[in-house]
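Asks:
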Amino acid sequence: MKNLLFAVTLIPALAHSQLTNAPLSIWEKLKDKVGINIETELEISLVDDHFILKGPARKKRRVINDLGKLSKVKASGKYDINRPIIIDDIIPASIKNNRWEMHLQNGPNCHNNTLLTLGLNKRRMHVNTDEFSEYLKQYCKKTPSPEQGGIGVQFSSGGIPMHSYFILSDDLTYEKANISGGQDPITREHQAPRFRKFSKVRKQGDSFFKCSYRDIKRSCSDYVLKLGDRVDQLHKETAEMIYSLRGADKLTEKKERAYTLESNLFRDGTCGDYQELLLDKIGSIISSYLEMEMTGSIYGMGSYDRLPRI
0 MKNLLFAVTL IPALAHSQLT NAPLSIWEKL KDKVGINIET ELEISLVDDH FILKGPARKK
60 RRVINDLGKL SKVKASGKYD INRPIIIDDI IPASIKNNRW EMHLQNGPNC HNNTLLTLGL
120 NKRRMHVNTD EFSEYLKQYC KKTPSPEQGG IGVQFSSGGI PMHSYFILSD DLTYEKANIS
180 GGQDPITREH QAPRFRKFSK VRKQGDSFFK CSYRDIKRSC SDYVLKLGDR VDQLHKETAE
240 MIYSLRGADK LTEKKERAYT LESNLFRDGT CGDYQELLLD KIGSIISSYL EMEMTGSIYG
300 MGSYDRLPRI
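Heads up: the sequence shown begins at 0 in numbering that gives the first Met the number 0, then just goes up one per residue.
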């Protein structure tokens, strides 16, 4: 008797969530008691370390379904769809892990938040428009319409990416606001990332991309790889400066290190794409140093120091 071989395709099982209703606040209980609808607008908010979904029942069902697909989690549990729902289990891990902290210096912007959510960046650091454009070139493809898990980008008339956001569902985006919509370092940072309604105007007027990681370092020489490690170390040190007032005495030294690293690029002909990304990453680092000097935020001074922080 012949042995019969069958090809077996393993389909990963979806994890299960346990969604529950969120307790109403005193104000919500009061409004509910007198018959005022407390869920007129669709929204996700972070309350006491829980992600709370509110809104019309029909839209909430759609968001729960969309987030389940994005997170590969099957939504279940006993809950009343007409009440606020705790949806922690179906929020993507990259968003759950992006806990916002107080910055003592100007720091991350919208592009950084977009790359963090995509998993293409691992630190809260300013990402200038050149660096973000390079990420679009290396890792993203333009799509004719918005796609869940993709990103939206608002370009200036000159083709500069002025704002970007992550597309959570057909109804909501996840993004970091910039003061006055600016991209220069001074106008970056006092608002935490938030969930925002995905408007029809945006769907019709913005540009959309689908992004995925690819190994652009595969053909790099040891020289380029070691240079990349040095840039990454300086990037890490600079990100740490954003969360403390320590480092003022090292600012000049770090800036010189950045310029030296920049001058060492493209001496080796391998891995041009990766070196282009390193060049723009160094540009973001340098712009952060210049902003610290310009506003005095490295010393806890300047106009930014008086802005409210979340």
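Beta carbons: idealized from backbone N, C-alpha and C, even for Gly.
Between which two residues does the alpha helix (DSSP H) holding Thr113 run?
Replies: Cys109 to Leu117
Asks: Check Arg310 in the structure and name its three-state DSSP category.
Replies: Nothing about residue 310 can be reported from this structure: the residues present for the chain run from 0 to 309 only.
Asks: For Glu252, which residues of its own chain have a beta-carbon under 6 angstroms away from its beta-carbon, when the five flanking residues on both sides are left out?
Replies: none
Asks: Only counting the same chain, and skipping five residues up and downstream in sequence, which positions put a Cβ closer than 8 angstroms to that of Lys235?
Replies: Arg122
Asks: DSSP three-state call for Tyr78: helix, strand or coil?
Replies: coil
Asks: Are the CB atoms of Leu277 and Leu264 nearer to each other than 8 angstroms?
Replies: In this structure, Leu277 lies near Leu264, with their beta-carbon atoms less than 8 angstroms apart.
Asks: State buried or exposed for Lys32, treating a residue as buried only when at least 16 other CB atoms are found within 10 Å of its CB.
Replies: Taking every protein chain shown into account, the CB of Lys32 has fewer than 16 other CB atoms within 10 angstroms, so this residue is exposed.
Asks: In chain order, which continuous runs of the beta strand (DSSP E) of length 3 or greater are located wholly inside the segment 24-56?
Replies: 42-46 and 49-53
Asks: Do His110 and Ser287 have their CB atoms nearer than 8 angstroms?
Replies: no
Asks: Spatial neighbours of Gly181 within its chain, please: C-beta separation below 7 angstroms, excluding the five flanking residues on both sides.
Replies: Since pLDDT at Gly181 reaches only 40, below the 50 mark, its modelled position is unreliable, and the value read off the structure follows with that caveat. No residues qualify anywhere along the chain.
Asks: In whole angstroms, give me the CA-to-CA distance for Leu334 and Lys280.
Replies: Summary: the structure shown does not reach residue 334, with the chain confined to residues 0 through 309, and so no result is reported for it.
Asks: Within this structure, are the beta carbons of Ile63 and Ala74 separated by less than 8 angstroms?
Replies: yes
Asks: What is the residue span of the beta strand (DSSP E) that Tyr164 lies within?
Replies: Pro160 to Ile166
Asks: Could you work out which residue in Gln17, Arg82 and Ser70 is closest to Glu42 when comparing CA atoms only?
Replies: Arg82
Asks: For Ile185, which three-state DSSP category applies?
Replies: With a pLDDT of 40 at Ile185, under the threshold of 50, the modelled position of this residue cannot be trusted, and the question is left open.
Asks: Exposed or buried, what is Asn127 when buried is set at 16 or more other beta-carbons lying within 10 Å of its beta-carbon?
Replies: buried
Asks: What separation, rounded to the nearest whole angstrom, lies between the Cα atoms of Gly158 and Val152?
Replies: 11 angstroms
Asks: Throw me the rounded Cβ distance for the Ile89 and Leu66 pair, which I believe falls under 8 angstroms.
Replies: 4 angstroms
Asks: Mind the definition here: the segment 201-213 touches the segment 135-142 only if three or more C-beta pairs lie below 8 angstroms; say whether that holds.
Replies: The segment 201-213 vs the segment 135-142: in contact.
Asks: Could you say which of Tyr273, Ala176 and Arg195 lies nearest to Tyr212 if we only look at CA atoms?
Replies: Tyr273
Asks: Following the continuous alpha helix (DSSP H) through Tyr258, name the residue where it begins and the one where it ends.
Replies: Leu250 to Ser262
Asks: On the CB-based measure, 16 or more other CB atoms within 10 Å of its CB, does Ser16 come out buried or exposed?
Replies: Buried, by the Cβ-count rule.
Asks: What's the call for Val230, buried or exposed, on a 16-neighbour Cβ count within 10 Å?
Replies: buried
Asks: Is it buried or exposed for Met291, if we count other Cβ within 10 angstroms and need 16 for buried?
Replies: buried
Asks: Could you tell me the alpha carbon to alpha carbon distance between Pro160 and Lys28, rounded to whole angstroms?
Replies: 44 angstroms
Asks: Skipping 5 residues on each side, what residues in its chain have a beta carbon closer than 6 angstroms to that of Pro192?
Replies: Apart from the 5 residues on each side of it in sequence, Pro192 sits with its Cβ closer than 6 angstroms to the Cβ of Asn112 and Lys175 in its chain, given in chain order.
Asks: Among the candidates Asp47, Asp48 and Asn108, whose CA atom is the shortest distance from the CA of Ile241?
Replies: Asn108
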